[in-house]
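Asks: There's a structure below that I have some questions on.
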Amino acid sequence: MKIVEIGKKISNFKAKSTNENEFNLKDFQGGLIVLYFYPKDNTPGCTQEGIDFSNNYRKFKNLNTEIIGISKDDIKSHENFKKKYKYKFDLISDEDEKICKMFDVIKEKNMYGKKYMGIERSTFIIDKKGKLLKEWRKVKVKGHVEEVLKFIKDQN
23 MKIVEIGKKI SNFKAKSTNE NEFNLKDFQG GLIVLYFYPK DNTPGCTQEG IDFSNNYRKF
83 KNLNTEIIGI SKDDIKSHEN FKKKYKYKFD LISDEDEKIC KMFDVIKEKN MYGKKYMGIE
143 RSTFIIDKKG KLLKEWRKVK VKGHVEEVLK FIKDQN
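Residue numbers (our numbering): 23 to 178.
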C-alpha cells in the first residue's frame with residue numbers, strides 16, 4: 023500500500039466505524055474531510071481532542087467539512103467512547119493498522135522507558151476530489167482544532 027502524499031489522490035478505503043454503515047472514503051467526496059488519528063480511547067489527550075472537535079463540529083459542517091477520528095481500538099470501545107463524551111462524528115476502528123500504515127502514523131513511542139509501536143497523533147485534510155490537502159504530524163492537542171478550523175476557513 024502506498025503512503026499518502028500532499029497533492030496526491032488517496033486510494034479509496036473502507037473501514038468499520040461507529041456509523042451503522044461501513045465508512046467508505048468515496049462517499050465523502052464533494053466536501054472536505056478532517057481525518058484525525060489518535061492513540062487510544064479514554065485517555066486524557068485523546069478525550070480532549072475529541073471534545074474540541076465535537077465542540078466545533080457545527081463550524082466544520084458549515085464549511086462543508088466532515089470530521090472522522092481513527093484509532094486501533096475496536097468498535098465496541100469506540101461506541102462507548104463516542105457515547106460517553108457525546109461526540110458528534112464517527113470513529114473508525116483500524117485494528118489491523120491498514121489505514122494507519124497508509125498515512126504512516128505508526129511510530130516508535132517511549133513510555134516510562136518502554137519502547138513500543140503506536141499511533142502518532144496526526145491530522146489530515148482531504149479535499150473535495152479525494153486528494154491530500156494538508157497534514158499535521160506530532161500534534162499537540164491544545165489549540166490544534168482551532169488551527170485546523172482556521173486552515174479550512176482560509177481555503178474558502
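Don't be surprised by glycine CBs; every beta carbon is placed ideally from N, CA and C.
For Asp49, count neighbouring Cβ atoms within 10 angstroms of its own Cβ and tell me buried if that reaches 16, exposed if not.
Replies: Counting from 1 along the sequence shown, the entry for residue 49 is found at position 27. Under this definition Asp49 is an exposed residue.
Asks: Is it the case that the Cβ atoms of Phe45 and Lys120 are separated by a distance below 9 angstroms?
Replies: For this step, residue 45 is matched to residue 23 along the sequence shown. For this step, residue 120 is matched to residue 98 along the sequence shown. Their beta carbons are not under 9 angstroms apart, which means Phe45 does not touch Lys120 by this criterion.
Asks: Using DSSP bridges, identify the partner residues of Phe45.
Replies: Along the sequence shown, one-based indexing puts residue 45 at 23. According to DSSP, Phe45 bridges with Ala37.
Asks: For Asp176, name the three-state secondary structure that DSSP assigns.
Replies: Position 154 of the sequence shown holds residue 176. Here Asp176 sits in helix by DSSP.
Asks: Grab me the residues of Glu130's own chain with a C-beta within less than 8 angstroms of its C-beta, minus the 5 sequence neighbours each way, in chain order.
Replies: Within the sequence shown, the letter at position 108 stands for residue 130. Same-chain partners within the cutoff: Lys137, Tyr138, Met139.
Asks: By how many angstroms is the C-alpha of Asp126 removed from the C-alpha of Ile148?
Replies: Indexing the sequence shown from 1 puts residue 148 at position 126. Indexing the sequence shown from 1 puts residue 126 at position 104. Their Cα atoms are separated by approximately 15 angstroms.
Asks: Should Glu71 go down as buried or exposed, given a rule of 16 or more other Cβ atoms within 10 Å for buried?
Replies: For the purposes of this step, residue 71 is taken as the residue at position 49 of the sequence shown. Buried is the call here.
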